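Its first residue numbered 1, the sequence shown is counted upward by one per residue in full-length UniProt numbering.
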Amino acid sequence: MNKYYELNVCGVKRNLPIIKINEDLAIASFVILGDTELISNVALAIAEKLPKVDVLVTAEAKGIPLVYEISKILNMKSFIVARKSIKPYMKNAICNEVVSITTQKKQLLCFDGMDVDKIKGKKVAIIDDVISTGESLTAMERLVEDAGGI
C-alpha cells in the first residue's frame with residue numbers, strides 16, 4: 001500500500017508519495033515542476049510577504065518556475081540561478097559545495113562572474129522549492145555572501 005503525505009498550501013492540496021531515500025530515511029516527494037496552479041498561488045503569497053529586495057536567487061532547477069513567477073509579480077526584470085556545475089560560458093565563476101538529501105552526494109552551486117556583479121552590495125532573497133535539511137539553503141547563503149550580497 002502506498003503512503004502519502006497530504007500537502008495543503010495556499011489553498012492547493014496535493015498527495016505527495018512517501019519515497020524511501022535509504023534504510024533510515026523516507027521523504028514526501030514534492031516536484032513543483034509543471035504544477036502551474038501551485039506555483040501561481042505560492043508565488044503570490046511569497047511576493048506579498050517578501051521584504052523589499054534587489055535580487056531573487058534560486059538553485060537549479062526546481063526553484064526556477066517559482067522564482068520566475070515571483071519575479072513577474074514583483075515586476076523584476078531578472079533573477080539569478082545558481083547552476084549545479086561550471087558551464088563553458090561562465091567567466092570568473094564562484095562555487096560552493098552542497099550535499100543534497102535527494103542525491104546524497106556532493107554537488108556544486110555556482111554563480112557566473114556576471115551574476116556576482118549583479119549581487120554585490122544588493123539585498124538578496126533566496127527562493128527554493130523545498131527545504132528538507134537546510135543544506136542547500138546554507139550553501140546558497142554562503143554563495144550569496146561570497147558574491148557580496150546582503
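Beta carbons are placed, not taken as given, at the ideal position from N, Cα and C, and that holds for glycine.
Here the structure is a predicted model, which is why all the values come from computation and not from measurement.
Report task. Evaluate residue 58 with the Cβ neighbour count: other Cβ atoms within 10 Å of its Cβ, from every protein chain shown; 16 or more gives buried, anything less gives exposed. Result -> buried
Query raised in the report: Who does residue 58 pair with in a DSSP beta bridge?
Result: 81
**Report entry** CA-to-CA distance, residue 88 to residue 147, given in whole angstroms
**Finding:** Near 20 Å, if we compare the C-alpha coordinates of residue 88 and residue 147.
Report task. Look up residue 131 in the DSSP assignment and say whether it is helix, strand or coil. Result -> In the structure shown, residue 131 falls within a coil segment according to DSSP collapsed to helix, strand and coil.
Requested in this report: Check whether the region 49-69 touches the region 124-144, counting contact only when three or more Cβ pairs, one atom from each stretch, lie closer than 8 Å.
Outcome: yes
Requested in this report: Please say whether residue 99 and residue 135 have beta carbons closer to each other than 8 Å?
Outcome: By the CB criterion at 8 Å, residue 135 and residue 99 fall inside the cutoff.
Query - Buried/exposed call for residue 1, threshold 16 Cβ in 10 Å - result: Confidence is the limiting factor: at residue 1 the pLDDT is only 48, short of 50, which leaves the residue's position unreliable and the question unanswerable from this model.
Query raised in the report: What three-state label does DSSP hand residue 9 in the structure shown?
Result: strand
Requested in this report: Would you list, in sequence order, the uninterrupted alpha helix (DSSP H) runs of no fewer than 4 residues that lie entirely inside the region 17-51?
Outcome: 36-49, all fully within the region 17-51.
Query raised in the report: Excluding sequence positions up to five away, which residues of its chain have a Cβ less than 8 Å from the Cβ of residue 11?
Result: 41
Query raised in the report: Contact check, residue 92 vs residue 113 under 8 Å by CB: the rounded distance?
Result: Contact between residue 92 and residue 113 holds: their C-beta atoms lie close to 3 Å from each other, under 8 Å.
Requested in this report: Report yes if the C-beta distance between residue 25 and residue 14 is below 8 Å; otherwise report no.
Outcome: no
**Report entry** residue 39 to residue 49 span [Cα, whole Å]
**Finding:** A straight line joining the alpha-carbon of residue 39 with that of residue 49 spans about 15 Å.
**Report entry** DSSP three-state assignment for residue 53, whether helix, strand or coil
**Finding:** coil
Report task. Kindly indicate which residue of 72, 139, 56 and 35 has the alpha-carbon position closest to the one of residue 122. Result -> Considering only alpha carbons, the answer is 56.
Requested in this report: Measure the C-alpha to C-alpha separation of residue 19 and residue 77 and round it to an integer number of angstroms.
Outcome: Near 37 Å, if we compare the C-alpha coordinates of residue 77 and residue 19.
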